[in-house]
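Working notes, structure below.
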Amino acid sequence: MILTRRRALAALPLAGASLFGTPLVLSGSAWAQKAPAAADFAPASPLGDIVLGSDKAPVTIIEFASMTCSHCANFATVTFPKLKTAFIDTGKVRYIFREFPLDDLAAATAVLARCAGKADGTRTFAMIETLFASQKDWVVQQPLQPLKNIAKQVGIGEQAFEACFADKALLEGVKANQQQGIKLGVNSTPTFFINGTMHRGDLGFEEIEKVLKPMLGE
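Written out as structure tokens, the structure reads:
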């Protein structure tokens, strides 16, 4: 369960085994459970949260996701654009993305996304969107070159690409978010906390809408 720079780097030439002693099940079904205390959701990572939406929004959604998770990619490419248009852009929902890597390649790409945003924080989420949209291109036996090509799209050249993985603080920040998720009961991805209540699985837009509307008095 320990993330290290060596393991993350080793994942690039060859997609490696799980970070966990036993494989975690990725569930497509959704269910809810009692909310933990609000303090448990304070930003775990010194890197800061990846946030979209108004801090005055009445509803906060925190997503724990793994970059190699196909359910997460489906949510990001199919459901999230609708959620953003209907609820985030309108000031109703504040959305927070937190890393929960289920394998070494997911940890490496989470570091890459954080690295993309070091100069401009908005580029972190742009990289996350790009990685999910192109997931089938780089979740392969030899992901190094496809990831270098993706990095170039957001202005990360070869030297900068290598430097990303020399920054121990980035990996430690990703690890902090993963550990927080474990403490909150996350064991599969995607997992959402909507105003503190856990919902597991690749929620469709209609499912999320049913949860959000009563919270918004609609």
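Numbering (the working numbering), first residue to last: 66 to 283. Cβ atoms here follow ideal geometry from the backbone N, Cα and C, with glycine treated the same way.
Residue i burial status per 10 Å Cβ neighbour count (16 or more: buried)
i	result
residue 201	exposed
residue 227	exposed
residue 210	exposed
residue 245	buried
residue 239	buried
residue 172	buried
residue 166	buried
Proximal residues to residue i (C-beta, below 7 Å), its chain only, five neighbours per side dropped
i	result
residue 92	Confidence at residue 92 is low in this model, with a pLDDT of 36, below 50, so the placement of that residue is unreliable and no value is reported for it.
residue 213	223, 226
N-terminal and C-terminal residue of the beta strand (DSSP E) that residue i is part of
i	result
residue 130	124 to 130
residue 140	Segment: none, residue 140 is in no beta strand (DSSP E) and carries neither H nor E.
residue 165	No beta strand (DSSP E) contains residue 165, which DSSP labels as neither H nor E.
First and last residue of the uninterrupted alpha helix (DSSP H) at residue i
i	result
residue 197	187 to 198
residue 283	Careful: residue 283 lies outside any alpha helix (DSSP H) and carries neither H nor E.
residue 212	209 to 218
residue 117	Where residue 117 is concerned, there is no enclosing alpha helix (DSSP H), although the beta strand (DSSP E) it sits in stretches over 115 to 117.
residue 247	233 to 248
residue 174	169 to 181
Cutoff 6 Å; reference residue i; Cβ partners in own chain excluding five residues on either side
i	result
residue 258	127
residue 114	108, 161
residue 67	Caution applies to residue 67, whose pLDDT of 44 falls short of 50 and renders its modelled position unreliable; the value that the coordinates give is listed next. Nothing listed; no residue qualifies.
Residues of its chain near residue i, where Cβ-Cβ distance is below 8 Å and the 5 sequence neighbours each way are ignored
i	result
residue 196	132, 174, 177, 178, 203, 215
residue 198	138, 141, 142
residue 147	270
Residue i and residue j closer than 7 Å at C-beta
i	j	result
residue 153	residue 182	no
residue 270	residue 189	no
residue 164	residue 260	no
residue 112	residue 180	no
Answer yes if the region 154 to 173 comes into contact with the region 120 to 136, meaning at least three C-beta pairs across the two stretches below 8 Å, and no otherwise. yes
Q. So, do the region 205 to 221 and the region 135 to 149 have three or more beta carbon pairs nearer to each other than 8 Å?
A. no
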